[in-house]
Structure formats: structure tokens, C-alpha cells
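Working notes for the structure below.
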Amino acid sequence: MYNFDKVAKFQNSLKWHVNDSELPMTLGDMDFEVAPEIITELHKRIENKNFGYEYIPYEYYVSVAKWYKEMHNCTLDISWMSFSQGVVATLSAIITNLMNEDSVITVLTPGFDKFKKVGEGKQKVLVSELIYDKEKRNYDINWLDLEDKLKKTNLFVLCNPHSPVGKIWSQKDLEKILKLSLKYDFKIFSDEIHGEITFDKKYTPLFSLDEKLLKNTIIAVSPSKAFNIAGIQTATIITPNKELKEKVDNAIKSFHLNEANSLAVPATIAAYTEGKDWLEELKDYLRENRNFIERFLEHNVPDVKPSLNEASYFLWLDISSLNVDAQELMEFIRKKTGLILIAGDKFDGNGKQFLRMNIATSTDLIEDALRRLQRAIVLFKRKDDDLMNLILNK
1 MYNFDKVAKF QNSLKWHVND SELPMTLGDM DFEVAPEIIT ELHKRIENKN FGYEYIPYEY
61 YVSVAKWYKE MHNCTLDISW MSFSQGVVAT LSAIITNLMN EDSVITVLTP GFDKFKKVGE
121 GKQKVLVSEL IYDKEKRNYD INWLDLEDKL KKTNLFVLCN PHSPVGKIWS QKDLEKILKL
181 SLKYDFKIFS DEIHGEITFD KKYTPLFSLD EKLLKNTIIA VSPSKAFNIA GIQTATIITP
241 NKELKEKVDN AIKSFHLNEA NSLAVPATIA AYTEGKDWLE ELKDYLRENR NFIERFLEHN
301 VPDVKPSLNE ASYFLWLDIS SLNVDAQELM EFIRKKTGLI LIAGDKFDGN GKQFLRMNIA
361 TSTDLIEDAL RRLQRAIVLF KRKDDDLMNL ILNK
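If you number the sequence shown the way full-length UniProt numbering does, the last residue is 394 and the count never jumps.
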């Protein structure tokens, strides 16, 4: 029903601001047209021909609650919700208003780099590195290390599911984190914007767990990733604790993030009330892209091994067998073939051994990217062989 084979490059696209011969598979948005159901509602809003100040209607919050009931079988209390223009901006507002210069923030790595950058203004940031199992191609939390750091923590920034590695945290994992937050009395900010793009497992919204465990939690959700509307700037912040919610709302207002632009509300309502069919077809298309890439790499580029992808449209590619830092290999691939990937260095942890590939594009461009990657790896290995021969023949 929907056409995901068409690449919808748009004016001033940050991702596509490259040379004509280059192929970017980089930033966290998709190359697909937005769901027509959303476009229809945006057209209606534009036809109104007035873009003055707006309030957030009750219908907005109802649409969010209904979505989580239908898609995730959980009840979301409307009184817990607040509108905000974005997840990272909200995190920044919370750190500025709820933390002080002596506060400690803890993050998991490899992880979304902006979490660490936002916290590095005045606060101390602690890093707990995830454990990677090469055989299972999967990450897990180093619980001993994490708990040791959470004892000293004021704010723990969680990504659920975890980006960029595509890990879905189990209910057991999440409950353990929540219990630690009560034990050591730290706040949790959980970014859950990747929760709608999952494949073989379903993610557990943090707010769906026992309310008694949610005293210190702030959860951020948004249709921005799943429905490709990041530029519209819309997010819902969920804070079950009434006293904490008042502080969060004040933080949001202090950054003027509670003021919606004219397209944010209709886009969000349309996504949550009419976007289910489009999203299901999108996930099928992304799953086919993922499976095709995994088969191609296994048979043609065995030195590059994707980690287990449970969520999001990023593939996390293990290049450790090539004995090269990701930044160096990324630059080599771009120079030799024009394919642009993201070096995992920026995500810390063991990211130096990984490249990130955005697979939310047409199958034709996926095939093009894989041919370029195959050629680049052949050239890279030949370069290393030539260097070794030169050394041996001296």
C-alpha cells in the first residue's frame, strides 16, 4: 500500500548535504516520505492560513494514551504527560534546573553521544561500558560496574531501546534499574523514542511497570523517529510522580519547550491515531533491509559483522577483525567509494570497533551501499597486504 522504494530527499537535508557522488547512511532520519495520513492533516492545518500561538489540546494527550494502550497494551495516565518540543532539549532543561554543579550523571556506552555532551556542561559524567558478547553479537549491562556508579549518581540517562546498538532491555533489566533508583535515590531520564521500531522482540515502556517503582522516573516518547518527523519537534514527557512532574514542567517552561509550533500537534495526533498501518509496513521493509544486509555481509564481506539488531533502523557493524579504528576506516571508505557511515568512536565504549549504518532507505540504495562497502574493504585489505609485503621485502 505504501511506497518505501522512493527516496524522498528534501530541501536543506542535513544528511544529503554531500557531494553528488556520495551516499550518506548517517543521520537519524529516514529517506522515506512521511505517512500520507500525517501529510493530509498537515495540509488541513496549513490551509487554515493562520499560525499564531497555540495551546496543547486534550486530544493530543488522549492520542498518546490510546496509542500505548493499542500498541503496547499498557495504560498511560494522561495526568502524567507534558508536551515538549524535543527529547534532548528536555534533558538539557532538566539537568539545568534539577541538577547542580556537584551533581553526577551516569550514562551507558556505547550510547547516543548527546546524552554525555548535555551532561558535561558543569556536572561530572560517569560512564558504564556495556559488555559485548562477540559470539551472541549482543550487549548486556555490567551490573557490578553500573551499580557502583549509581551509588554516586544524581541522574541516570537511559535509552530504552538502547541506541546505537539496537538493544531492547528486558523487563527484568528495567525493574532492576528502577529498584536501584529507589535504593540510591537518583533520578532516571529514559529516552524511548526508538521503542516503536522493533523487530523480533517488543520493548517495555518504563511507565508500564509497577507504579511504586516509578517515583524517580522521567520518560520521553515521541513519534519523531518512527514516523520521520524529527523536524516538526514534538515529544511527550511522562512523569508519574506528581511532585517531580511539577519540577519537570517548570524546567520545560524555563526553556520555553512547552510552546508547540503549528504542525507539532496535528502531526502527533495523526501519527498516533492513523499511523499504525504505515508503521507496520515500514517495519516489514526495514526488516527486509536488515536481513538482506546480514546475508550479504556474511557471504561477501565476512570481516564486517552486524551486531544483533532488535530495534531502530541503525545497524551496528563490528569491524574489529580488520584491526583498524572506526574513524580511520570510515574516512577510507568515504574517500575510496563515496559511502558515508558513522564511526562508532563518537559513541564511546567499544565504539572504535564499530561503524553505524542507517538502513532506513530504499532497497536500491542499500544494494548500492553494500557494493561500495565490499569494494572498500577489498581495497583496505589490499593496502594492508601491500604494506606488509613492503616491510617483509626490506
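Backbone N, C-alpha and C define an ideal beta-carbon position, used for all residues, glycine too.
(message) Taking the alpha carbon of Glu243 as the reference point, which residue from Cys159, Thr268, Ala264 and Thr217 has its own alpha carbon closest?
(response) Checking every option, the nearest Cα to that of Glu243 belongs to Thr217.
(message) Quick check on the DSSP output: the beta strand (DSSP E) that includes residue 405 runs from which residue to which?
(response) No answer is possible for residue 405: it lies beyond the span of the chain, which begins at 1 and ends at 394.
(request) Run the CB neighbour count on Met1, radius 10 Å, all protein chains shown included, and call it buried at 16 or more, exposed below. (result) Taking all protein chains in view, the Cβ of Met1 is surrounded by fewer than 16 other Cβ atoms within 10 Å, so the residue is classified as exposed.
(message) With H, G and I counted as helix, E and B as strand and the rest as coil, what does DSSP make of Pro266?
(response) helix
(request) Taking 8 Å as the threshold, find out whether the stretch 71-89 comes into contact with the stretch 296-306 through three or more Cβ pairs. (result) no
(request) Check Ser163 in the structure and name its three-state DSSP category. (result) coil
(request) Rank Phe380, Phe112, Glu367 and Arg375 by C-alpha distance to the C-alpha of Met25 and give the top, closest one. (result) Distances from the alpha-carbon of Met25 to those of Phe380, Phe112, Glu367 and Arg375 put Glu367 closest.
(request) Answer yes or no: do Leu180 and Leu206 have a C-beta to C-beta separation smaller than 8 Å? (result) no
(request) Specify the secondary structure class of Pro57 as computed by DSSP and reduced to three states. (result) coil
(message) Cutting at 8 Å between CB atoms, please list the residues of its own chain near Ala326, excluding the five before and the five after it.
(response) Ile319, Ala343, Gly344, Asp345, Gly351, Lys352, Gln353, Phe354 and Leu355
(request) With a threshold of 16 other CB atoms inside 10 Å of the CB of His162, please say whether the residue is buried or exposed. (result) buried
(message) For Ile391, which residues in the same chain have their Cβ closer than 8 Å to its Cβ, ignoring the five residues on either side in sequence?
(response) Low confidence applies here, because Ile391 scores a pLDDT of 43, under 50, leaving its location unreliable; read the following figure in that light. Counting only Cβ-Cβ distances below 8 Å, and skipping sequence neighbours, we find nothing.
(request) Could you check the C-alpha separation between Val265 and Lys383 for me, to the nearest Å? (result) For Val265 and Lys383, the distance between alpha carbons rounds to 53 Å.
(message) Helix, strand or coil for Leu308? Go by DSSP, reduced to three states.
(response) coil
(message) Using only CA atoms, which one of Asn241, Lys381, Lys202 and Asn228 lies nearest to Tyr68?
(response) The residue from Asn241, Lys381, Lys202 and Asn228 with its alpha-carbon nearest to that of Tyr68 is Lys202.
(message) So, with DSSP's three-state summary, where would you put Asp5?
(response) coil
(request) Could you check the C-alpha separation between Tyr285 and Ala230 for me, to the nearest Å? (result) 20 Å
(message) Just to confirm before moving on: does the CB-CB distance between Glu240 and Leu214 stay below 8 Å?
(response) According to the sequence displayed, residue 240 carries Pro and not Glu. Yes; because the gap between Cβ atoms is below 8 Å, this pair is in contact.
(request) Check whether the Cβ atoms of Tyr61 and Ile78 lie closer than 8 Å to each other. (result) The answer is yes: Cβ separation under 8 Å.
(message) On the DSSP bridge list, what partners appear for Val104?
(response) Lys124
(request) Return helix, strand or coil for Ile391, following the three-state DSSP convention. (result) The predicted model places Ile391 with a pLDDT of 43, which falls under 50 and marks its position as unreliable; any figure quoted below should be read in that light. Note: Ile391 maps to helix in three-state DSSP.
(request) Look at the alpha carbon of Lys381 and the alpha carbon of Leu322, and state the distance between them as a whole number of angstroms. (result) 8 Å
(request) Could you check what DSSP says for residue 412 in three-state terms: helix, strand or coil? (result) Nothing in the structure corresponds to residue 412, since the chain is present only between 1 and 394.
(request) Let me know the secondary structure DSSP gives residue 424 once reduced to three states. (result) This structure gives no information on residue 424, because the portion of the chain shown stretches from 1 to 394.
(message) I need the boundaries of the beta strand (DSSP E) containing Phe10, first residue and last residue.
(response) No beta strand (DSSP E) holds Phe10; DSSP gives it neither H nor E.
(message) Whole angstroms are fine: how far does the CA of Val324 sit from the CA of Thr106?
(response) Thr106 and Val324: Cα-Cα distance of roughly 29 Å.
(request) Give the DSSP-derived three-state secondary structure of Lys383 in the structure shown. (result) helix
(message) Quick test of the definition: if touching needs 3 or more C-beta pairs under 8 Å, does the stretch 110-118 touch the stretch 141-150?
(response) Short answer: they don't touch.
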